[in-house]
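Residue numbers (this note's numbering), protein chains in the order written: chain U, 94 to 295; chain L, 2 to 155.
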């Protein structure tokens, strides 16, 4: 059976995503109007431990030292996830040398299907720079909670694998010190994405 | 001579026909069809195409593929930062109108592939409508990282 959120926790998740949306909207407004301001310290991001395609543990601390551009998705997603990751790969090219200061990260919210091997094969198709991360359902839930990411299975048939995932589709730009910088829209072109990201890479 | 002329004419007609679309008598043309390979070759595959209805209003009611055990029409939506994919039972085609299946929106999803689909492969889709006769379209498979065939390609 795919992970099935009970009604109560689904409500909590929905609440969380609404809150995240509000926070993101506020952050967007704040950052647009006060671009010169110090990091806002918004509660997005936090400690997590996940697994890379080689099966090695990767924590939030391992991502520090460079900006991180984090997207939560799943490999059984044939449309939105590849479309977003293509645009991310294009944005990295558009950013040129600036892209060296940025690490793109793809975290699955479907750990049941996305083993380290599966996610490794998946990210390699888009960019050699893209780091794919998975983990146990609990580890993934922790990371998703850190980023206020909503995810829930949507059944498409009677079989155990007959489901797709609804999920937050936002890119999170994280500073080299681990603090949240800004949400980046996932449903935009590579050049728009690059322009958005570029303004934050001081 | 007459046969030669007919041959040349039919060859010409074949070249001028919309790429990938069969059923010249159908009021519905399927063009610009392409599929995005899944990185594993075996995972779900999204198919995109353009449907042009030169006749009366119609509905696309089902899609089958020779490469997949299950085919669904899907609509992706991104609202309030949440991405969802939902099955549609049919897609309306306005009279003399065009419906575009494109990344991040309307697409055909192939599941339970009966063979791996790699970049460079092709497969057939059969589109069934309420009124128009079925249309068969040949679909090229592009790499997972492909944004599509581009404006100049079929």
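Glycine included, every Cβ here is placed at the ideal spot set by N, Cα and C. Since we're looking at a predicted model, the values are computed, not measured.
- Contacts between residue 45 of chain L and chain U, judged by CB atoms closer than 7 Å, involve 169 and 171 in chain order.
- Secondary structure of residue 295 of chain U (DSSP, three-state): coil.
- Ranked by Cα distance from residue 115 of chain L, the options L:70, L:56 and L:125 are led by L:70.
- Within the stretch 127-147 of chain L, 144, 145, 146 and 147 place their CB atoms closer than 9 Å to a CB of chain U, listed in sequence order.
- Bounds of the beta strand (DSSP E) holding residue 166 of chain U are 160-166.
- Residue pairing by DSSP puts residue 225 of chain U in a beta bridge opposite U:199.
- Within chain L, no residue has its CB atom less than 8 Å from the CB of residue 288 of chain U, the nearest being about 18 Å off.
- Per DSSP, the beta-bridge partners of residue 152 of chain U are U:142.
- Looking at the backbone, the Cα of residue 73 of chain L and that of residue 57 of chain L are separated by about 24 Å.
- By the beta-carbon neighbour count (other beta carbons within 10 angstroms, threshold 16), residue 37 of chain L is buried.
- Close to residue 280 of chain U, with beta-carbon spacing below 7 Å, are these residues of chain L in chain order: 79 and 105.
- Taken in chain order, the members of the stretch 61-88 of chain L whose beta-carbon sits within less than 8 Å of a beta-carbon on chain U are 71, 73, 75, 77, 79, 81, 82, 83, 84, 85, 86, 87 and 88.
- Within chain L, no residue has its CB atom less than 9 Å from the CB of residue 238 of chain U, the nearest being about 16 Å off.
- Within 10 angstroms of the beta-carbon of residue 152 of chain U lie fewer than 16 other beta-carbons, which makes it exposed.
- Contact check between the stretch 186-200 of chain U and the stretch 155-169 of chain U: three or more CB pairs, one atom from each, fall below 8 Å, which counts as touching.
- Rounded to whole angstroms, the separation of the alpha carbons of residue 170 of chain U and residue 176 of chain U is 10 Å.
- Residues of the stretch 231-264 of chain U with a C-beta atom less than 8 Å from some C-beta of chain L are 243, 247, 249, 250, 257, 259, 260, 261, 262 and 263, listed in chain order.
- The continuous beta strand (DSSP E) containing residue 93 of chain L extends over residues 92-94.
- Check the Cα spacing between residue 140 of chain L and each of L:130, L:133, L:119 and L:131: the tightest is with L:119.
- Cβ-Cβ separation between residue 242 of chain U and residue 272 of chain U: approximately 18 Å, too far for a contact (criterion under 8 Å).
- Here the C-alpha atom of residue 66 of chain L lies approximately 17 Å from the C-alpha atom of residue 92 of chain L.
- Around the beta-carbon of residue 89 of chain L, fewer than 16 other beta-carbon atoms lie within 10 Å, marking it exposed.
- The C-beta of residue 134 of chain L has fewer than 16 other C-beta atoms within 10 Å across all chains shown, which makes the residue exposed.
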